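First comes the structure, then the notes that go with it.
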Ligand SMILES: *Cc1c(COP(=O)(O)O)cnc(C)c1O
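Numbering (my numbering), first residue to last: 70 to 495.
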């Protein structure tokens with residue numbers, strides 16, 4: 070299996086090369102050249118998620134240098150459960166937050182870290198490779214956790230000082246060792262600007278051996294197909310019905326994997342994209358016009374995206390847009406509604422929702438038809454300052470998160486300048 074660019078101007082590459090390259094050389098995003106076909110029921114109610122991931126990804130790594138290590142990679146990366154829990158009203162929740170940093174970003178980051186490390190060990194002299202990421206929240210923590218203490222690799226995270234929640238900052242700053250946490254005096258856009266100019270500066274990029282781990286990387290996107298395979302097959306095996314999936318969406322990485330899983334034959338009836346007040350996607354469904362804009366800040370901050378990069382992959386899969394509209398729809402949910410859904414959660418669903426998951430739950434509440442899986446992208450304890458006042462009690466952090474919250478912080482403050490980043494890396 071090879072991966073081609075959405076812009077068709079470069080030759081296809083095997084998985085490892087596409088992963089290490091990040092963006093395709095023509096500026097496009099890598100997509101599978103074709104989709105594998107799985108039979109309905111080929112996974113069933115298999116409880117072992119690492120095993121499911123190995124099965125789903127096998128054809129996608131076929132012929133790649135890492136193919137022989139795939140089962141071991143999955144076993145190491147996915148060492149946590151992925152429960153599909155029944156709720157009322159023919160609805161289930163797929164919990165994607167049981168990894169070490171309590172958000173679904175752990176799936177992609179841990180798979181990418183396993184794959185990158187193994188490719189490096191296949192022969193690469195020092196200096197270490199530097200994984201450079203700008204983050205506005207959950208990505209930086211997941212990437213730091215996944216690459217922490219890996220030989221031959223270091224991570225540099227840039228985040229806006231004062232621009233992330235207390236617990237998010239703790240998850241960015243609690244590492245030390247090979248993780249360099251940089252609090253930038255500026256906004257998230259400043260962080261992204263500095264990171265982009267570092268990659269564009271050929272000399273600097275070579276000297277520090279920079280590589281990226283952002284959500285356009287095929288190595289992060291591909292493994293996310295596995296939980297849609299597990300969730301859809303599990304729902305069918307238990308209920309005899311195909312489920313639709315409602316996915317909290319920002320940069321369209323998570324939901325793109327749902328479309329790819331459906332294209333691979335897994336029993337996903339339809340897909341709903343839930344966004345916060347950033348409504349570029351719902352507006353496209355309403356008016357057929359793709360109009361990116363500046364993002365606005367919301368309670369679901371990991372979804373504050375005004376120009377979602379992975380939309381290019383959906384438009385590649387459905388070149389005329391019509392096919393996309395036939396199997397999916399989208400809805401925008403504002404902050405007041407998010408608050409209401411979280412406050413009502415314990416009574417109406419017996420659940421505490423994070424602000425991102427709350428967008429999907431709200432759309433479920435407004436749809437009359439049965440058989441839906443709500444995708445839960447983060448644990449509510451990650452957003453304690455929003456959630457706890459709304460439900461009037463505290464939310465216990467899961468053990469792996471609690472452990473991170475205990476660690477000391479190690480942060481270096483820098484100006485939002487390329488020179489400052491260069492000095493920090495040297
Ligand atoms: C990143 C993130 C999202 C959005 O996912 P995309 O792949 O960017 O669409 C939703 N919820 C949480 C908790 C996240 O961290």
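Ideal Cβ placement from N, Cα and C applies to all residues, glycine included. Predicted model only: the values in this text are computed from it and were never measured.
Two segments are said to touch when three or more pairs of C-beta atoms, one from each, lie closer than 8 Å; by this definition the region 397 to 411 touches the region 330 to 347. Distance from the CA atom of residue 368 to the CA atom of residue 395, rounded to whole angstroms, is 30 Å.
Distances from the CB of residue 449 to the heavy atoms of ligand 1 are all 7 Å or more.
Excluding five sequence positions before and after residue 335, the CB atoms of its chain that fall closer than 7 Å to its own CB belong to 107, 297, 298, 301, 302, given in chain order. Annotation for residue 274: 268 place their beta carbon closer than 6 Å to its own, counting only its chain and skipping 5 residues before and after. Counting the other Cβ atoms within 10 Å of the Cβ of residue 103 gives fewer than 16, which makes it exposed. Only residues of its own chain outside the window of five on either side were considered, and among them 375 have a CB closer than 7 Å to the CB of residue 363, listed in chain order. Taking 4 residues as the shortest admissible run, the region 242 to 302 contains the following complete alpha helix (DSSP H) segments, listed from N- to C-terminal end: 257 to 269, 271 to 276, 287 to 290. Counting C-beta atoms within 10 angstroms of its own C-beta, residue 479 has fewer than 16 neighbours from the protein chains shown and is therefore classed as exposed. If you check the C-beta of residue 207 against ligand 1, you find a heavy atom less than 7 Å away.
In the structure shown, residue 359 falls within a coil segment according to DSSP collapsed to helix, strand and coil. Between ligand 1 and the CB of residue 265, the shortest heavy atom gap is not smaller than 7 Å. Between the alpha carbons of residue 380 and residue 359 lies a gap of roughly 10 Å. Note that the region 166 to 174 touches the region 444 to 453; at least 3 beta-carbon pairs, one per stretch, sit closer than 8 Å. Shortest Cα-Cα distance from residue 474 to any of 98, 210, 253, 312 involves 210. A Cβ-Cβ contact shorter than 8 Å links residue 177 with residue 289. If you look at residue 483, you'll find it in the beta strand (DSSP E) that goes 481 to 484. Given a length threshold of 4 residues, each whole run of the alpha helix (DSSP H) inside the region 83 to 170 is given here in chain order: 84 to 90, 118 to 126, 139 to 146. Residue nearest to residue 225 within the set 233, 234, 232, 212 is 212 (criterion: CA-CA distance). Note that the C-beta distance between residue 189 and residue 181 is not below 8 Å. Restricting attention to beta strand (DSSP E) runs no shorter than 3 residues, the region 389 to 445 encloses them at 397 to 401, 441 to 445, ordered along the chain.
Checking the 7 Å criterion, the Cβ of residue 322 is within range of a heavy atom belonging to ligand 1. Residue side-chain check: residue 389 keeps its Cβ at 7 Å or more from all non-hydrogen atoms of ligand 1.
Relative to the non-hydrogen atoms of ligand 1, the Cβ of residue 372 comes within a distance shorter than 7 Å of at least one. Closer than 7 Å to some heavy atom of ligand 1: that does not describe the Cβ of residue 401. In the same chain as residue 387, and ignoring 5 residues on each side of it, the C-beta atoms closer than 6 Å to its own belong to 393, in chain order. For the set 420, 185, 282, 231, the Cα lying nearest the Cα of residue 482 is the one of 231. DSSP, read as helix, strand or coil, puts residue 370 in helix.
Contact annotation: the region 153 to 161 touches the region 412 to 427, with at least three C-beta pairs closer than 8 Å. For the 8 Å CB-CB criterion, residue 205 and residue 248 do not form a contact.
For ligand 1, a non-hydrogen atom lies closer than 7 Å to the CB of residue 425. Within the same chain, 139 come within 7 Å of residue 127 by CB-CB distance, once the 5 residues on both sides are set aside.
With a 10 Å radius around the Cβ and a threshold of 16 neighbouring Cβ atoms, residue 471 comes out exposed. Taking each of 384, 372, 451 in turn and checking the Cα distance to residue 428, the smallest one comes out for 372. Your pair residue 315 and residue 328 does not check out as a contact, with CB atoms roughly 14 Å apart and the cut at 8 Å. For the 8 Å CB-CB criterion, residue 132 and residue 70 form a contact.
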